[in-house]
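Okay, so here's the structure we're looking at.
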């Protein structure tokens with residue numbers, strides 16, 4: 351899965367607590383929670399699972415970052431959240447029977 355998701359949305363993805371702490375520690379953001387723009391999503395396989403490359407909205411010449419998709423807080427109405435929910439529904443069940 352390697353699709354561009356840089357579409358405008360009323361509720362852009364927000365960093366989860368661990369990602370927010372990481373971005374602050376690197377000096378990439380200030381005290382306020384940034385708006386993120388997801389640029390690419392790919393399956394890293396194994397325990398990493400789905401990863402996303404994102405940029406911080408409003409930053410010019412800022413680097414992009416890569417994180418597990420689970421590190422983003424998505425509003426359930428966000429198109430990306432809807433695609434992920436559909437993917438989870440289609441995924442084979444694993445675990446003990």
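Residue numbers (the working numbering): 351 to 447. Note that beta-carbon positions come from the ideal geometry of N, C-alpha and C, so glycine has one too.
In summary, residue 384 is buried, with 16 or more beta-carbon neighbours lying within 10 Å of its beta-carbon over all protein chains present. Just so you know, the alpha carbons of residue 436 and residue 374 end up roughly 32 Å apart. Exposure of residue 397 is indicated by the presence of fewer than 16 other C-beta atoms within 10 angstroms of its C-beta. Counting along the chain, residue 418 sits inside the beta strand (DSSP E) bounded by residues 415-418. Taking 8 Å as the cut-off, the Cβ atoms of residue 400 and residue 364 do not count as close.
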